[in-house]
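First residue of the sequence shown? That's 1 in UniProt numbering, and the numbers climb one at a time after it. Report on the structure given below.
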Amino acid sequence: MGRGAVMPQVDVIVLGAGPAGSAAAAVAARAGLSVALVDKASFPRDKLCGGGVTERSRSYFKDAFGHDIQFDDILSTQEVEFWHAGQRLSHMQAQAPIHLAMRLSFDDQMFRHAVSLGGLDYSGHRVTDINGTSIELAGGTSLEAKVLIGADGVNSQVARHLFGAAFDHDQIGFALEVEAPKEDDSAALRIDFNAADWGYGWRFPKQDSVTIGVGGLTSHNPDMKARMRSYTDLLNLKSIPKLKGHFLPFGHFKTQPGRGATLLAGDAAGLVDPITGEGIAYAIKSGHLAAEAAIEALKANTPDRAFAIYLRKLKPIHRNLRIARTLRKLVFSGRFKDAFFQKMAQSGRLRHEYLNVLAGKQEYPALLLKSGLSLPRFVLRGLRRRS
Ligand SMILES: Cc1cc2nc3c(=O)[nH]c(=O)nc-3n(C[C@H](O)[C@H](O)[C@H](O)COP(=O)(O)OP(=O)(O)OC[C@H]3O[C@@H](n4cnc5c(N)ncnc54)[C@H](O)[C@@H]3O)c2cc1C
1 MGRGAVMPQV DVIVLGAGPA GSAAAAVAAR AGLSVALVDK ASFPRDKLCG GGVTERSRSY
61 FKDAFGHDIQ FDDILSTQEV EFWHAGQRLS HMQAQAPIHL AMRLSFDDQM FRHAVSLGGL
121 DYSGHRVTDI NGTSIELAGG TSLEAKVLIG ADGVNSQVAR HLFGAAFDHD QIGFALEVEA
181 PKEDDSAALR IDFNAADWGY GWRFPKQDSV TIGVGGLTSH NPDMKARMRS YTDLLNLKSI
241 PKLKGHFLPF GHFKTQPGRG ATLLAGDAAG LVDPITGEGI AYAIKSGHLA AEAAIEALKA
301 NTPDRAFAIY LRKLKPIHRN LRIARTLRKL VFSGRFKDAF FQKMAQSGRL RHEYLNVLAG
361 KQEYPALLLK SGLSLPRFVL RGLRRRS
């Protein structure tokens, strides 16, 4: 798009073209709405991430984009290892594959789909101002829309515009990662529970490299770099490539992600699983739901109702995240975590159920139902240990 020109009004502006934004633009464009897909980056662009794409993400991807993921440079594995304090708790076969993608190409794939479906490509444009549902881009171009979807990540400019701040960084998580050369052929995805407090460490094999990271609640990990050093030592990583860090809003979703005709999706709305850190699935799903809300509101000629419609559609995701936030205390808090890891080491069933959530084969309400009988005993054991 040429700079300096005044743009016509579109139905929807989607700010941010990650999984949430590209899904929103694809769904809205397929329904015949005019959509501007704006991102400050030019694609392909990278995003710091383990790149774990579950079958949950895959099914949401198919719903939003109308076809399956292209698996060209994605490694799929069913082997998962759980570790604790340098000891392997188990090596398991997941019931479903977990796909390990490079975000550079995975996000490019989604962005291209959204544009091919009719989304107008405004990538490589920085937003200088937001006014209601209109935005101004660097260079003076202004774009007007009836609905604005903020899918611009954890530091969302749209959230800052609505609420003054995107998130309180002390309430959310932070993660460090390196992309290291592959030193063996292991296809196992490794999770180390105590590599960070209220979080974990991970080693995810990719097709040509391996992603190693630690992440956890910022308030419980004041020195994440030291955590990362200990973890790379534990993994015997010979040379350590450049560390990169990024906030992730796990455990702190916004109960009111938007207002009127402005909706927040994905990380901008805090939709990250508070136990596993999975965010791609909810990003795609919430982008899809935000677009559906925009479609319904515009059809009724009531763009200001878009947020009320969206909030209703988000209920199952919010319920899931609330349950996960409660269960998180049993997994990570000082009071219960020893009992949890003891149970993880002893109980194949618990490992199996946990793995099913991790791999996207089941959701937390089902997990809660299944573990309903053993949960009170587990809580009592944790309390007894403590006293
Ligand atoms: C270290 C780490 C590891 C992770 N590992 C996993 C994992 O293995 N599996 C998983 O499911 N999730 C993982 N996550 C979470 C996952 O990365 C996010 O939940 C997911 O990327 C959210 O997608 P999104 O579209 O909401 O935001 P993003 O992917 O962050 O995309 C936001 C887009 O908005 C653009 N943008 C930002 N600000 C502006 C602006 N002002 N103007 C225009 N454009 C803007 C950015 O350039 C970007 O393209 C991880 C996160 C971290 C930090």
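No residue lacks a Cβ here, since even glycine has one placed at the ideal position from N, Cα and C.
- By the Cβ-count criterion, I240 is exposed, with fewer than 16 other Cβ atoms from all chains shown falling within 10 Å of its own Cβ.
- Counting along the chain, H91 sits inside the beta strand (DSSP E) bounded by residues 87-100.
- Distance from the Cα of D197 is smallest, within the candidate group G334, L289, K182, S59, for G334.
- If the five residues before and after E55 are omitted, its C-beta is found closer than 6 angstroms to the C-beta atoms of A96, G360, all from its own chain and listed in chain order.
- Put simply, the region 150-169 touches the region 268-276. At least three CB pairs are less than 8 angstroms apart.
- Between the region 303-317 and the region 336-349 there are fewer than three inter-stretch CB-CB distances shorter than 8 angstroms, so the stretches are not counted as touching.
- When secondary structure is reduced to three states using DSSP, P249 falls in the coil class, being assigned neither helix nor strand.
- Secondary structure note for I191: it is in no alpha helix (DSSP H), and the uninterrupted beta strand (DSSP E) holding it is 189-192.
- By the neighbour-count criterion, in which 16 or more other beta carbons inside 10 Å mark a residue as buried, R126 falls on the exposed side.
- Short note on P19: C-beta closer than 7 angstroms to some heavy atom of ligand 1.
- With at least 16 other beta carbons inside 10 angstroms of its own, E177 counts as buried.
- Remark: C-beta atoms of G199 and G173 approach each other more closely than 8 angstroms.
- Taking 8 angstroms as the upper bound for CB-CB distance, A25 and A101 are not in contact here, some 20 angstroms apart.
- The C-beta distance from V10 to L37 rounds to 10 angstroms, too long to meet the 8 angstroms contact threshold.
- Under the 10 Å beta carbon count, P205 is surrounded by 16 or more other beta carbons and is classified as buried.
- Look at N356 here: in three-state DSSP terms it is helix.
- Around the C-beta of P257, 16 or more other C-beta atoms lie within 10 Å, and the residue is accordingly described as buried.
- Beta bridge pairing from DSSP links V147 with V12.
- E179 is bridged by DSSP to T211.
- Taking 8 angstroms as the upper bound for CB-CB distance, R325 and G251 are in contact here, some 6 angstroms apart.
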